[in-house]
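Participant: I am attaching a structure below and will ask some questions about it afterwards.
In full-length UniProt numbering, the protein residues as written are 1 to 306.
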């Protein structure tokens, strides 16, 4: 494990959030990661849900209803990709003055796993700017999430363990994105329950979401547990370590989200006409998922032994 941690640290220094002073570069890196992650998770999840589980008659209207959110996600991803290399250069170098250092930027881009991930993100982003249809956003969002498995904790091992860790990381991200992104679409479907001509299709889409959600939630939980053991080799019970404290907080929030999802499926969804609780439950899950993504962004910047 110590060797794996040292390998992970070759590309990233330990997150200074738990040093005595937090500087603007650290916060900018965290914000950049958060914005990118939220955008990619949303693009993948929303487009995948609409493409597969929403009845054909509601797909395009629902796709159009999240147009502003899609544009905001694309803008956030573009900004995050644009800022990633300069922020990493500033973080690894001597501060902001190295953010524009050509030699350091080149070394980060060509000599680190961070640079490999950035290159993939830039290519996928360029493709998404050309094609913005539903299928392209689903594939592009999945590819953007896949780029995250090229760096960070997922590459701390060698050989088949690295491949296993990367595949598990991808499964965790795709299942989490399928959950988070679909929630945004679900909010746009709820008003359609009040329209007689759309009620049946909207209800079917929501029932499908809740049913498939069982599998998605299970995948999130199992891949999360697997990731924990691939990184730590044990349960995160060392509360003196910030990494494990944040990981426990994230796990608790995910379990809370899972409980809400189960309640939605068996209590709220069968009574859709009579209950306004579903909207509140979905909003609560979205807020919790945002906090989870922020925690994940911070955890990803910490060394496992921090």
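A virtual CB, placed ideally from N, CA and C, is assigned to each residue, including glycine.
Report back the beta-carbon spacing between residue 177 and residue 145 to the nearest angstrom; my notes put them in contact at under 8 Å.
Facilitator: Rounded, the Cβ-Cβ distance is 6 Å, consistent with contact.
Participant: With H, G and I counted as helix, E and B as strand and the rest as coil, what does DSSP make of residue 235?
Facilitator: Residue 235: coil per DSSP, three-state reduction.
Participant: Given a cut-off of 8 Å, decide if residue 246 and residue 299 are closer than it, judged by their beta-carbon atoms.
Facilitator: Yes, they are a contact pair.
Participant: Assign residue 236 to buried or exposed, taking buried as 16 or more other Cβ atoms, counted over all protein chains shown, within 10 Å of its Cβ.
Facilitator: By the 10 Å Cβ count, residue 236 comes out buried.
Participant: Tell me whether residue 54 sits in a helix, a strand or coil according to DSSP, three-state version.
Facilitator: Of the three classes helix, strand and coil, the one that applies to residue 54 here is coil, per DSSP.
Participant: Would residue 184 and residue 69 be called neighbours here (beta carbons separated by less than 8 Å)?
Facilitator: Yes, they are a contact pair.
Participant: DSSP three-state label for residue 303, please.
Facilitator: Residue state, collapsed to three classes: coil.
Participant: Mind pulling the alpha helix (DSSP H) runs of 4 or more residues that sit fully within the segment 187–252?
Facilitator: DSSP runs (the alpha helix (DSSP H)) wholly in the segment 187–252: 196–231.
Participant: Per the contact definition of three or more C-beta pairs closer than 8 Å, is the segment 202–220 in contact with the segment 252–267?
Facilitator: The segment 252–267 vs the segment 202–220: in contact.
Participant: In three-state DSSP terms, what is residue 165?
Facilitator: Residue 165 falls in the helix class under three-state DSSP.
Participant: Count the other C-beta atoms from every protein chain shown that fall within 10 angstroms of the C-beta of residue 357, then say buried if there are 16 or more, exposed otherwise.
Facilitator: The requested residue 357 is not part of the displayed model; the chain covers only 1 to 306.
Participant: Which value, in whole angstroms, describes the spacing of the CA atoms of residue 162 and residue 230?
Facilitator: Taking the straight line from one Cα to the other gives about 9 Å.
Participant: What first and last residue would you give for the alpha helix (DSSP H) that runs through residue 76?
Facilitator: Where residue 76 is concerned, the enclosing alpha helix (DSSP H) stretches over 67–92.
Participant: Taking Cβ positions, are residue 205 and residue 84 nearer each other than 8 Å?
Facilitator: No.
Participant: Compute the distance between the beta-carbons of residue 77 and residue 125, then report whether it is under 8 Å.
Facilitator: Going by C-beta atoms, residue 77 is nearer than 8 Å to residue 125.
Participant: Just to confirm, is the Cβ distance from residue 44 to residue 141 under 8 Å?
Facilitator: Yes. Within cutoff.
Participant: Using a 10 Å radius around the Cβ and a threshold of 16 neighbouring Cβ atoms, would you call residue 287 buried or exposed?
Facilitator: Result: exposed.
Participant: Would DSSP call residue 257 helix, strand or coil?
Facilitator: DSSP places residue 257 in helix when its eight states are reduced to three.
Participant: Would you report the Cα separation of residue 223 and residue 159, rounded to the nearest angstrom?
Facilitator: Those two C-alpha atoms are separated by around 20 Å.
Participant: To the nearest angstrom, report how far apart residue 238 and residue 191 are at their CA atoms.
Facilitator: If you take the alpha carbons of residue 238 and residue 191, they lie about 46 Å apart.
Participant: State the Cα-Cα distance for the pair residue 112 and residue 296, rounded to the nearest angstrom.
Facilitator: So the alpha carbons of these two residues sit roughly 21 Å apart.
Participant: Are residue 172 and residue 220 touching if we call contact CB-CB under 8 Å?
Facilitator: Yes, they are a contact pair.
Participant: Which residues in the same chain have their Cβ closer than 7 Å to the Cβ of residue 227, if we skip the five residues on either side of it in sequence?
Facilitator: The residues are 168, 169, 172.
Participant: In its own chain, which residues sit with a C-beta less than 6 Å from the C-beta of residue 49, not counting the 5 before and 5 after it?
Facilitator: Cβ neighbours of residue 49 beyond the five flanking positions: 182, 185.
Participant: To the nearest angstrom, report how far apart residue 283 and residue 260 are at their CA atoms.
Facilitator: Using only the alpha carbons, I get a separation of about 11 Å.
Participant: Take the Cβ of residue 240 as the centre, count every other Cβ of all protein chains shown within 10 Å, and call the residue buried at 16 or more, exposed below.
Facilitator: Residue 240 should be labelled exposed.
Participant: Starting from residue 107, trace the alpha helix (DSSP H) both ways and give me its first and last residue.
Facilitator: 102–111 is the extent of the alpha helix (DSSP H) around residue 107.
Participant: Compare the Cα-Cα distances from residue 132 to each of 74, 30, 102, 65 and report the closest residue.
Facilitator: For residue 132, the nearest C-alpha among the options comes from 74.
Participant: Given a threshold of 16 other Cβ atoms within 10 Å of its Cβ, counted over all protein chains shown, does residue 151 qualify as buried or as exposed?
Facilitator: Looking at its Cβ environment, which holds 16 or more other Cβ atoms inside 10 Å, residue 151 is buried.
Participant: Determine the closest residue to residue 35 out of 304, 303, 294, with distance taken between C-alpha atoms.
Facilitator: Here the closest residue by C-alpha is 294.
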